[in-house]
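Quick notes on the structure that follows.
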Amino acid sequence: MAQIDPSNRGLRLAARYAVLVLIAVIFIFPLVFMVVSSLKPDQQLLSDTGSLRAFLPVGDIGLGNYAAAFQRAPVGLFIFNSVLVTGITVVLSLLVCSLAAFAFVFLEWRGSGLLLSVILATLIVPFETIAIPLLLIVNQLPWIGLDGLSTGWLNSYRVQILPFVSDGLTIFLFVQYFRDLPRELIEASRVEGASWWMIYRRIVMPLAGPVLATAAILKFLVMYNQYLWPLMVVQEEGYRPVMVGLQYFFQLNRAWGEIMAYLSLITLPVLAFYFVLQRAFISSIASTGVKG
Amino acid sequence: MSRSRLTQSNRAGWAMALPGFGLIAVFIILPFFLAFGLSFTNQRLISPNPTEWVGFDNYRQLMGLGVLTLEPERDEAGAVIRDEDGAIEYPRLRGFTRGNPDYAHLDGMREWLSWGWGEDRVVVLARDVVFMTAIVNTLTFVLVVAPVQAAIALGLALLINQRLRGINVFRTIYFMPVVVSIVVVSLLWRFIYDGNDGLLNNILSALSFGVFEPVDWLGNPGTALPAIMAMSIWQAVGFHMVIWLAGLQTISPTLYEAAEIEGSSRWQTFRYVTWPGLRNTAVLILIVITMQAFALFAQIDVMTGGGPLDSTQTIVFQAVERGYGKQDISGGSTISVLLFLLVLTISLIQRYLTRERS
């Protein structure tokens with residue numbers, strides 16, 4: 001406070017930035033290394049790890065590893081599966097969870113309090129503790145498809161989608177958000193004779209932009225990064241998502257260049273998405289925290 | 001009167017909440033209770049034999065522990081017998097754990113830990129040594145990662161909370177690994193940790209001008225789990241930084257102004273203004289990190305497969321290996337129940353320790 005020496009202040013500012021940059025390097029360099037390595041032939045990739053060249057796109061640069069990765073595994077199919085499963089789950093989840101939250105917040109009905117407490121209680125159950133009995137359940141669930149009635153959901157899209165459509169956290173986020181909306185608006189529409197479905201669609205959902213973005217981003221991250229569950233329930237190549245598809249790449253003849261190419265391929269779109277929407281990403285994580 | 005009739009509708013309420021609640025009931029609540037039920041049976045995924053009720057057998061099989069004190073072998077004169085190296089000789093363990101009717105409770109157990117006690121030797125036996133190792137590893141992981149990660153995340157949040165030009169760029173970068181899949185991160189770091197061409201060895205060797213001897217980080221029982229801890233913290237710390245940051249921003253700026261006027265030091269400001277304002281955030285962060293740390297699986301599956309020498313076995317890895325790998329649904333369910341009880345206990349303890357003292 002007392003002495004405002006400009007050079008001293010400049011020095012301290014520089015020191016602050018130096019610390020920030022140093023930490024940034026720790027977070028960013030492994031990812032830079034991944035992308036840069038994906039462009040190099042294996043031999044150069046390995047010899048480059050001994051120097052700063054590991055982080056620079058220099059030498060024999062090309063997309064050969066990407067072509068080889070597509071040769072080794074049906075990469076396009078894995079990406080298609082992941083995008084499909086993630087997309088459908090996100091959309092269904094927004095619909096189902098917002099509807100339920102709408103009923104809990106705006107409607108009065110018998111059992112509503114109890115049901116909501118039960119749903120919120122599931123928040124303390126980590127997925128990992130129910131995965132094994134869930135495997136038994138989905139193995140015995142019936143399904144009516146085009147070819148009639150069948151039993152067992154293993155190796156399908158639905159087994160990757162339906163267990164994750166509704167969850168306590170998403171419903172909780174919608175409930176929190178809806179509680180802050182003015183109730184008079186809803187009551188006034190009821191007086192004018194609007195149906196509940198109409199109020200949900202025409203009044204509440206158009207106001208729900210921020211919470212929809214939050215819920216969608218959280219669900220997207222969970223679904224795109226699924227690993228344990230598809231590992232257990234999908235053995236057929238045709239339904240495999242990207243993370244499980246990785247197994248093709250750490251088999252006997254390990255080609256690090258191809259691995260880095262595959263990792264970059266499945267990660268860069270998410271990172272690009274993140275950079276464009278970073279404010280929404282960060283605030284969606286933060287919103288899971290503030291209200292706990 | 002009119003207000004309640006306007007918003008009262010049993011039929012509409014149930015119809016709108018039912019899809020969400022129904023899916024949770026089938027895919028979360030049912031398997032949760034089923035886990036308890038199955039843990040008392042011998043259910044397998046596919047089995048020709050009917051399922052039987054086995055009581056607490058699965059729990060006994062997993063958690064069975066016994067302690068045995070071995071007295072040294074003595075010759076006729078009563079002197080302790082030693083081998084050529086001077087080490088005391090003890091009776092063989094097998095004499096106690098294989099069909100000895102006097103020690104029926106130890107039947108089928110294996111040595112887990114042992115240590116010397118005077119001339120005697122104390123041996124802790126376990127019915128399932130691998131699972132015991134998995135519990136210890138998981139608890140070690142949680143007890144190290146939870147406080148360290150929470151502290152680093154708080155440090156980063158305080159750094160990011162400064163008013164500096166371009167600070168948002170740094171926030172974006174620190175958070176970046178969070179959006180990358182832990183599976184991708186694990187495979188990437190397997191290369192970084194590699195014993196021969198690994199990036200980490202090369203960097204350390206360059207920084208120490210060649211003095212540093214390369215370490216096979218994941219192939220060494222002493223370094224494998226710490227290496228996985230460091231990577232896990234690197235990946236997730238941005239997540240908790242953001243939650244801390246949200247907590248920091250709820251603290252009223254007027255409190256800081258008051259502290260400045262009072263001439264409080266930086267540490268005093270943190271201790272008496274910042275930290276009390278972060279109380280609820282701290283509880284939440286500890287519980288979230290703990291729950292995430294207990295679920296440790298993907299890193300193990302991709303990086304070590306539980307090895308070397310079971311040094312990275314974890315509870316969830318064991319549950320999957322049995323429930324899915326060996327199709328032993330009841331065994332996997334029992335582990336799941338034990339995991340849930342562990343998570344619940346730890347969160348209750350954390351809640352108690354960080355409770356509001358009035």
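In order, the protein sequence lines correspond to chains A and B.
According to UniProt numbering, the first sequence is numbered sequentially starting from 1.
According to UniProt numbering, the second sequence is numbered sequentially starting from 1.
Every residue gets a Cβ at the ideal spot worked out from N, C-alpha and C, and that includes glycine.
Keep in mind that this is a model prediction, so the values were computed, not measured.
With 16 other CB atoms within 10 Å as the buried threshold, where does residue i fall?
| i | result |
| --- | --- |
| B:Pro48 | exposed |
| A:Ala18 | exposed |
| residue 362 of chain B | This structure leaves residue 362 of chain B out entirely; chain B is present only between 1 and 358. |
| B:Lys326 | exposed |
| B:Arg127 | buried |
| A:Leu146 | exposed |
| A:Ser166 | buried |
| B:Arg190 | buried |
| B:Ile228 | buried |
Are any of the Cβ atoms in chain A nearer than 8 Å to that of residue i?
| i | result |
| --- | --- |
| B:Phe27 | yes |
| B:Ser181 | yes |
| B:Val316 | yes |
| B:Arg351 | no |
| B:Gln162 | yes |
| B:Met63 | no |
| B:Gly219 | no |
| B:Thr7 | yes |
| B:Asn100 | no |
| B:Phe96 | no |
| B:Met176 | yes |
| B:Ala236 | no |
| B:Ala126 | no |
| B:Thr312 | no |
| B:Ile346 | no |
| B:Ala12 | yes |
Is residue i close to chain B, meaning its C-beta is less than 8 Å from at least one C-beta of that chain?
| i | result |
| --- | --- |
| A:Arg53 | no |
| A:Gly292 | Bear in mind that a pLDDT of 40 at A:Gly292, under 50, signals an unreliable position, so the number given afterwards is only what the model happens to contain. Chain B contact via Cβ: present. |
| A:Ile282 | yes |
| A:Gln71 | no |
| A:Leu207 | no |
| A:Leu22 | no |
| A:Val159 | no |
| A:Ala194 | no |
| A:Asp167 | yes |
| A:Trp109 | yes |
| A:Tyr177 | no |
| A:Ser112 | yes |
| A:Ala14 | no |
Leaving out the 5 sequence neighbours to the left and right, which residues in its chain are closer than 7 Å to residue i when beta-carbon positions are compared?
| i | result |
| --- | --- |
| A:Phe29 | Phe55 |
| B:Leu245 | Ala157, Ile160 and Asn161 |
| A:Val175 | Ala101, Phe104 and Val105 |
| A:Gly62 | Leu39 |
| A:Ile217 | Ala280, Phe281 and Ser284 |
| B:Asn42 | Thr51, Glu52, Val54 and Ser330 |
List the whole-angstrom C-beta distance separating residue i from residue j, where the pair is believed to meet the contact cut-off of C-beta under 8 Å.
| i | j | result |
| --- | --- | --- |
| A:Leu107 | B:Gly13 | 4 Å |
| B:Ser205 | B:Gln299 | Not a contact, Cβ separation roughly 25 Å. |
| B:Leu338 | B:Val316 | Actually they are not in contact, since the Cβ atoms of B:Leu338 and B:Val316 sit about 11 Å apart, beyond 8 Å. |
| B:Phe294 | B:Leu342 | 7 Å |
| B:Leu344 | A:Ile130 | Between A:Ile130 and B:Leu344 the Cβ distance is about 14 Å, and since that is not below 8 Å, they are no contact. |
| B:Gln313 | B:Gly306 | 4 Å |
| A:Leu120 | A:Phe164 | Not confirmed; about 18 Å, so no contact. |
For residue i, which residues from the same chain have a beta carbon less than 6 Å from its beta carbon, with the 5 sequence-adjacent residues on both sides left out?
| i | result |
| --- | --- |
| B:Glu71 | Asp120 |
| A:Leu116 | Phe104 |
Measure the Cβ-Cβ separation of residue i and residue j and say whether it is below 8 Å.
| i | j | result |
| --- | --- | --- |
| A:Thr86 | B:Ile29 | no |
| A:Arg16 | B:Leu164 | yes |
| B:Ser336 | A:Ile132 | yes |
| B:Pro177 | B:Gln235 | yes |
| A:Phe220 | A:Val91 | no |
| B:Ile243 | B:Ile285 | yes |
| A:Leu228 | B:Val320 | yes |
| A:Ala261 | A:Asp42 | no |
| residue 359 of chain B | B:Val26 | There is no way to answer for residue 359 of chain B, as the model of chain B reaches only from 1 to 358. |
| B:Phe170 | A:Leu134 | no |
| A:Gln226 | A:Met243 | yes |
| A:Asn65 | A:Glu258 | yes |
| B:His240 | B:Ala134 | no |
| B:Ser9 | A:Trp196 | yes |
| B:Leu96 | B:Tyr90 | First, the amino acid is wrong: residue 96 of chain B is Phe here, not Leu. No. |
For residue i, I'd like the list of residues in its chain whose CB is within less than 8 Å of its CB, leaving aside the five on either flank, ordered along the chain.
| i | result |
| --- | --- |
| A:Tyr157 | Asn81, Leu84, Val85, Ile88 and Tyr239 |
| A:Val191 | none |
| B:Gln350 | Val283, Leu286, Ile287 and Thr290 |
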